[in-house]
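Q:
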Amino acid sequence: MADGRGVPFDCAPSLKLEAHERLARMQFEAAERRVDKIEVLMERLERRLWLAVYGVVGVILAQAVQGLMAAAP
Numbered sequence: 000m001a002d003g004r005g006v007p008f009d010c011a012p013s014l015k016l017e018a019h020e021r022l023a024r025m026q027f028e029a030a031e032r033r034v035d036k037i038e039v040l041m042e043r044l045e046r047r048l049w050l051a052v053y054g055v056v057g058v059i060l061a062q063a064v065q066g067l068m069a070a071a072p
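Oh and the sequence shown: position 71 is 70 in numbering that gives the first Met the number 0, straight run, nothing missing.
1) Quick check on DSSP: helix, strand or coil for Ala70?
2) Express the C-alpha separation of Glu17 and Leu50 in angstroms, rounding to a whole number.
3) How big is the Cα-Cα spacing for Arg43 and Asp35?
What follows is the structure, given as structure tokens:
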């Protein structure tokens, strides 16, 4: 746009909208990064949980085998 003297200037509402769009984009990117971090943490936790489950099952099976070996002559 021009103000009559031939000097172009930026319209303030469009700058405000542009800044708002940039801010919204940055906020969405930050939220996506946080969600990605949470997903990685959940995968680690899931692996640890399965290791704990397998450990408990292993202990139960070992005790069962010991009981069978003690009962069998």
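Glycine included, C-beta positions come from ideal geometry on N, C-alpha and C.
For clarity, every value in this text was computed on a predicted model and none was experimentally measured.
A: Based on what the coordinates show:
1) The DSSP-derived three-state label of Ala70 is helix.
2) Approximately 50 Å, taken between the alpha carbons.
3) Roughly 13 Å between the two C-alpha positions.
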